[in-house]
Amino acid sequence: MSTQLLDLAKLPAPDLLETLDFETLVQTLKSHLIDQHAELAEALSLESEPLTQLINSFAYQNLLLRSRINHVAKANLLATAQQADLDHIAARYGVQRLVEESDQRLRVRTQKAYHSLNTAGTEESYTYHTLSADARVKDVHVASPSPCHIQLTILSNESENGIPSESLLNKLAVTFGLTSANQSQVSELLQTQKIRPIGDWVEILPAKTKNYSINAKVKLELGPGREAAKQQVLSSVKAYLQERHALGKAIKRSALFAVLHQAGVEEIELISPLENIEVQKNEVALCDNDIDGIEFEVQL
Numbered sequence: 218m219s220t221q222l223l224d225l226a227k228l229p230a231p232d233l234l235e236t237l238d239f240e241t242l243v244q245t246l247k248s249h250l251i252d253q254h255a256e257l258a259e260a261l262s263l264e265s266e267p268l269t270q271l272i273n274s275f276a277y278q279n280l281l282l283r284s285r286i287n288h289v290a291k292a293n294l295l296a297t298a299q300q301a302d303l304d305h306i307a308a309r310y311g312v313q314r315l316v317e318e319s320d321q322r323l324r325v326r327t328q329k330a331y332h333s334l335n336t337a338g339t340e341e342s343y344t345y346h347t348l349s350a351d352a353r354v355k356d357v358h359v360a361s362p363s364p365c366h367i368q369l370t371i372l373s374n375e376s377e378n379g380i381p382s383e384s385l386l387n388k389l390a391v392t393f394g395l396t397s398a399n400q401s402q403v404s405e406l407l408q409t410q411k412i413r414p415i416g417d418w419v420e421i422l423p424a425k426t427k428n429y430s431i432n433a434k435v436k437l438e439l440g441p442g443r444e445a446a447k448q449q450v451l452s453s454v455k456a457y458l459q460e461r462h463a464l465g466k467a468i469k470r471s472a473l474f475a476v477l478h479q480a481g482v483e484e485i486e487l488i489s490p491l492e493n494i495e496v497q498k499n500e501v502a503l504c505d506n507d508i509d510g511i512e513f514e515v516q517l
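The working numbering numbers the first residue of the sequence shown as 218 and each following residue consecutively.
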C-alpha cells in the first residue's frame, strides 16, 4: 500500500497463548500424584501400568482443551483470526468482507477502518475507500501533484501483470462520483456522494510496469535430497515474486540470492537482473519469465 501499516505478522505472540507440550504435562501430573501418594512412584515409572495409561489419557484430553483455548484466543485477535471469526472482528469497525476478498486484504481494510469516517480527503481515507470499492483492487497509490488534484494508481489482481480492466476502472470512476451509474452497480458498502470531497479532481490511472527477467544457474549438492532442494528453491522464488508484486516494491539482487540459496544448494550464478530493479511508488516490478529462467545442475 502507499501508506505504512503496523505489520501484524511481526507482533510477538500474546502472553495469553500457552505453549503446549504433552510430555511436560504428563510429568507434571505424575509429580503431583506422587507428592500426594509416594507409594505410586514405582507404578508410575512403568508405561504398562493402567494408572500410567490413565494419566496419559487425561493429559491428552487436557492438551486438547488447552489447544482449544489457544484457538479461541487467536480467533479474537485481528492478526490471527480467520474466515468468519475475522468477519466478526471487522464488523466491530463497520467493515464487511467483499466478494472473494481474502483474509489478509480484509485485515488491511479493517486496520484502515477509522479513515472511513471521513470523506476521501486524506491519503489514508482515499486508500481505504479505493480498497473497499472492489476486491479486485490489489494495491493503490495515492498522490496529489497539485492542490485538489488526486491521482489514484491502481494495481489489480485480475491478471498476472496487475493492469486493471476497463470494468474495474469504470467501477472506481462511479465510486468516486466521476461518472454516473445506478447505485446497484456500486458496492453496497459505499455511498458515492459521501466519498469524494466536492473540490477534489480525482484521476484514476492503471499501474505502470517495470519489466525484468530472472536468469540463474543453481548448482545442487550431490545426494538424494536434490529434488526436494530444487522444489524448495522454486517455491521460495515464487513466494518472493508474489510478495514483491505490489506498488513501489523493488527487486533486490541480495534478496534473490537469499531465496535461491536454500538448503541443498552448493552455488548460485545470478545472470540477471544485473542490478536492483528500482521502482517508483506508482510502478510495479513485473517478472517476464517467472521461474522459467532458473536452471539446475548437480555439483560433482
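Glycine included, every Cβ here is placed at the ideal spot set by N, Cα and C.
Here the structure is a predicted model, which is why all the values come from computation and not from measurement.
Contact check, residue i vs residue j, beta carbons under 9 Å
{"i": "residue 481", "j": "residue 449", "result": "yes"}
{"i": "residue 470", "j": "residue 492", "result": "yes"}
{"i": "residue 362", "j": "residue 430", "result": "no"}
{"i": "residue 479", "j": "residue 446", "result": "yes"}
{"i": "residue 272", "j": "residue 247", "result": "yes"}
{"i": "residue 369", "j": "residue 345", "result": "no"}
{"i": "residue 352", "j": "residue 386", "result": "no"}
Closest residue to residue i among the options (Cα-Cα distance)
{"i": "residue 495", "options": "515, 426, 386", "result": "426"}
{"i": "residue 456", "options": "442, 472, 441", "result": "472"}
{"i": "residue 413", "options": "428, 396, 273", "result": "396"}
{"i": "residue 503", "options": "312, 468, 328, 251", "result": "468"}
{"i": "residue 506", "options": "514, 461, 428", "result": "428"}
{"i": "residue 278", "options": "369, 254, 231, 237", "result": "237"}
{"i": "residue 301", "options": "458, 276, 323, 444", "result": "323"}
{"i": "residue 283", "options": "242, 273, 271", "result": "242"}
{"i": "residue 317", "options": "474, 304, 371", "result": "304"}
{"i": "residue 509", "options": "475, 289, 458", "result": "458"}
{"i": "residue 234", "options": "254, 289, 327, 249", "result": "289"}
{"i": "residue 423", "options": "365, 394, 355", "result": "355"}
{"i": "residue 460", "options": "374, 249, 244", "result": "374"}
Spatial neighbours of residue i in its chain, beta-carbon cut-off 8 Å, leaving aside the 5 residues before and after
{"i": "residue 477", "result": "433, 435, 450, 453, 454, 485, 487, 511"}
{"i": "residue 226", "result": "296"}
{"i": "residue 514", "result": "434, 435, 436, 437"}
{"i": "residue 263", "result": "269"}
{"i": "residue 228", "result": "296"}
{"i": "residue 275", "result": "246"}
{"i": "residue 261", "result": "247, 250, 251, 268, 269, 272"}
{"i": "residue 231", "result": "290, 294"}
Classification of residue i by the beta-carbon crowding that lies within 10 angstroms, buried from 16 upward
{"i": "residue 379", "result": "buried"}
{"i": "residue 357", "result": "buried"}
{"i": "residue 404", "result": "With a pLDDT of 49 at residue 404, under the threshold of 50, the modelled position of this residue cannot be trusted, and the question is left open."}
{"i": "residue 252", "result": "exposed"}
{"i": "residue 259", "result": "exposed"}
{"i": "residue 376", "result": "exposed"}
{"i": "residue 339", "result": "exposed"}
{"i": "residue 381", "result": "buried"}
{"i": "residue 465", "result": "buried"}
{"i": "residue 439", "result": "exposed"}
{"i": "residue 332", "result": "buried"}
{"i": "residue 462", "result": "buried"}
{"i": "residue 239", "result": "exposed"}
{"i": "residue 281", "result": "exposed"}
{"i": "residue 384", "result": "exposed"}
{"i": "residue 256", "result": "exposed"}
{"i": "residue 474", "result": "exposed"}
{"i": "residue 393", "result": "buried"}
{"i": "residue 169", "result": "Outside the modelled stretch of the chain, which goes from 218 to 517, sits residue 169, for which no answer is possible."}
Neighbour flag for residue i against chain D, beta carbons, 9 Å
{"i": "residue 302", "result": "Checking the listed chains, one finds no chain D in this structure; it contains a single protein chain."}
Cutoff 6 Å; reference residue i; Cβ partners in own chain excluding five residues on either side
{"i": "residue 308", "result": "none"}
{"i": "residue 367", "result": "361, 417, 419"}
{"i": "residue 389", "result": "350, 421"}
{"i": "residue 310", "result": "327, 330"}
{"i": "residue 306", "result": "295, 298"}
{"i": "residue 320", "result": "299, 303"}
{"i": "residue 372", "result": "355, 356, 379, 424, 464, 501"}
Beta-carbon proximity list for residue i, same chain, < 7 Å, skipping 5 on both sides
{"i": "residue 406", "result": "At residue 406 the pLDDT is 44, less than 50, meaning the model places this residue with poor confidence; the figure from the coordinates comes in the next sentence. Here the set comprises 313, 349."}
{"i": "residue 365", "result": "416, 417, 418"}
{"i": "residue 443", "result": "437, 481, 515"}
Residue i beta carbon near the ligand ATP (any heavy atom closer than 8 Å)
{"i": "residue 468", "result": "Because no ligand of any kind appears in the structure shown, any question about the ligand ATP cannot be addressed here."}
Quiz item: Using 8 Å as the threshold, is the stretch 258 to 267 in touch with the stretch 290 to 307, meaning 3 or more CB pairs across them?
Solution: no
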